[in-house]
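Its first residue numbered 182, the sequence shown is counted upward by one per residue in this note's numbering.
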Amino acid sequence: MSTVAAQTETDTLYDVYSLSNTVSGEVDNDLMTATLAVQLEDKDAARLASKVNDTMRWAVTIMEDFSTITAKTRDYQTYPRYDTSQARRLIGWRASQTLQLDTDDFEAAGKAIQLLQERLQVQSIRLSAKPATRQRASDQLIEEGLAAFRKRAELIQTSMGSSSFRILDVNIQDNAGAVPMYEAASMDTMRSAYVSEPAIQGGTSQVTVQVFGRIQLQ
Numbered sequence: 182m183s184t185v186a187a188q189t190e191t192d193t194l195y196d197v198y199s200l201s202n203t204v205s206g207e208v209d210n211d212l213m214t215a216t217l218a219v220q221l222e223d224k225d226a227a228r229l230a231s232k233v234n235d236t237m238r239w240a241v242t243i244m245e246d247f248s249t250i251t252a253k254t255r256d257y258q259t260y261p262r263y264d265t266s267q268a269r270r271l272i273g274w275r276a277s278q279t280l281q282l283d284t285d286d287f288e289a290a291g292k293a294i295q296l297l298q299e300r301l302q303v304q305s306i307r308l309s310a311k312p313a314t315r316q317r318a319s320d321q322l323i324e325e326g327l328a329a330f331r332k333r334a335e336l337i338q339t340s341m342g343s344s345s346f347r348i349l350d351v352n353i354q355d356n357a358g359a360v361p362m363y364e365a366a367s368m369d370t371m372r373s374a375y376v377s378e379p380a381i382q383g384g385t386s387q388v389t390v391q392v393f394g395r396i397q398l399q
């Protein structure tokens, strides 16, 4: 998509034109971030903490067999539980903790998640391009965008009968497209389906680069 607009005269600049050009491309999603959680309840806070810790130790032990996956425990939280009476009496506690998995090995991730779902629930699976992958795609699009900018400038120069032009300024903006996010089903559904290995398809993300600036005809 390209646009061209003539700029009004200023005190010092004449025959100035503004140009913009947008180029887009697809980049493979080669990074997966999965978040799984354990959520338990108990009347005793200390016993509850022990249960959650035991579950996360179990999960970390499972992940020791997957060298291509980085696993991190995160966000331990505890909440009081009250009854529905007006007095709101304390009846117990609820605790949760999450496990984050980062990897470019989607096959291994599927197997790991299958095992972890025995005691954890999948909260989300996020697929994206690695920063280096996205940077390479962005650099290529910048080259294409700048070439298109110069071609449009030459077209304006020829159309307006000028002998040459000079570039006054050029700005470049790049933006990543939407990242596919797969939310988990209900906890009951996930518990009953833990024996299934999730199908993970990387897909693609869109990278867009916009080049805009001004030229002055000579």
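Glycine is no exception: its CB is placed at the ideal position from the N, C-alpha and C atoms. Note that the structure is predicted; figures quoted are calculated from it, not measured.
Report buried or exposed for residue i, applying the criterion of at least 16 other Cβ atoms within 10 angstroms of its Cβ.
i, result
"V392", "buried"
"T251", "exposed"
"Y198", "buried"
"A290", "buried"
"A318", "buried"
"M341", "exposed"
"S344", "exposed"
"L271", "exposed"
"I348", "exposed"
"R372", "Reliability of the predicted coordinates at R372 is poor, the pLDDT of 47 falling under 50, and the value obtained from them is presented with this limitation in mind. Its Cβ having fewer than 16 others within 10 Å, R372 is exposed."
"Q302", "buried"
"A328", "exposed"
"S386", "buried"
"Q298", "buried"
"S309", "buried"
"M333", "Residue identity differs from the one stated: residue 333 is Arg in this sequence, not Met. Flag for R333 reads buried."
"R315", "buried"
"A268", "exposed"
"A419", "The chain is shown from 182 up to 399; residue 419 falls before or after that span and cannot be answered."
"V241", "exposed"
"L217", "buried"
Quick one: measure Cβ to Cβ for residue i and residue j, integer angstroms, because I've assumed they're closer than 8 Å.
i, j, result
"Q278", "T254", "6 Å"
"N202", "G384", "Not really, about 27 Å apart at Cβ, beyond 8 Å."
"I353", "I323", "6 Å"
"M213", "T284", "6 Å"
"G394", "L200", "6 Å"
"A230", "Q258", "A230 to Q258, Cβ: 11 Å. No contact."
"R262", "E288", "About 40 Å separates the two Cβ atoms, so there is no contact after all."
"V233", "V388", "Contact flag wrong, Cβ pair sits at about 40 Å."
For the beta strand (DSSP E) holding residue i, just list the boundary residues, first then last.
i, result
"K292", "K292 -> not in any beta strand (DSSP E); alpha helix (DSSP H) instead, spanning 287 to 297."
"A268", "Counting along the chain, A268 falls outside any beta strand (DSSP E), and DSSP gives it neither H nor E."
"Y198", "197 to 209"
"T216", "212 to 223"
"S305", "302 to 309"
"G394", "385 to 398"
Name the two residues that bound the continuous alpha helix (DSSP H) containing residue i.
i, result
"K332", "312 to 340"
"K232", "226 to 244"
Determine which residues share a DSSP beta bridge with residue i and list them.
i, result
"P379", "Answer is none; P379 lacks a bridge partner."
"T284", "M213, I250"
"D355", "V390"
"D350", "R395"
"Y260", "R275"
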